[in-house]
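Okay, so here's the structure we're looking at.
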Amino acid sequence: MKKDEAADPLKSETHEITSKINAAYEKLALKLRAKADKAKERAGTTKNEAKRAIHRRRFELYGDAAHDIEERLALRRAPSDGSDD
1 MKKDEAADPL KSETHEITSK INAAYEKLAL KLRAKADKAK ERAGTTKNEA KRAIHRRRFE
61 LYGDAAHDIE ERLALRRAPS DGSDD
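If you're matching positions, the sequence shown starts at 1 in full-length UniProt numbering and goes up one per residue.
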């Protein structure tokens, strides 16, 4: 088997798995973003100050986590310059 013949299946497999991982990142980020939105909504409607603070904190934590995942996903999707330093 020539090197080129082995590279195509490897590239194909790499692309397929990378796509699945990216989709999982997207799905998780969407779930966390939805939880952040729900917490923000509840923080606005809750009258008890302690519970409102809890919902605001949930909003911050879920939002930060979603943002981190979205940043990581953007880096994964950025075109590589070809160097593997």
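Backbone N, C-alpha and C fix where the C-beta goes; we use that ideal spot for every residue, glycine too. Small disclaimer: the values here were computed from a predicted structure and weren't measured.
For residue i, collect the residues of the same chain with a Cβ closer than 7 Å to its Cβ; drop the 5 residues on either side in sequence, then sort them by chain order.
i: L28; result: I69
i: E26; result: L73
i: H55; result: A39, R42, A43 and T46
Per DSSP, what kind of secondary structure is residue i in: helix, strand or coil?
i: T45; result: helix
i: A78; result: coil
i: M1; result: The predicted position of M1 is uncertain, since its pLDDT is 49 and thus under 50; a value taken from the coordinates is nonetheless stated next. M1 falls in the coil class under three-state DSSP.
i: A65; result: helix
Quick one: Cα of residue i to Cα of residue j, how far?
i: A78; j: R33; result: 22 Å
i: A65; j: H15; result: 26 Å
i: T18; j: N48; result: 45 Å
i: K11; j: T46; result: 52 Å
i: L30; j: H67; result: 10 Å
Beta carbon of residue i, beta carbon of residue j: below 7 Å?
i: R52; j: A43; result: yes
i: Y62; j: K35; result: yes
Who are the near neighbours of residue i in its chain, counting only those whose CB is closer than 6 Å to its CB and skipping five residues on each side?
i: A50; result: none
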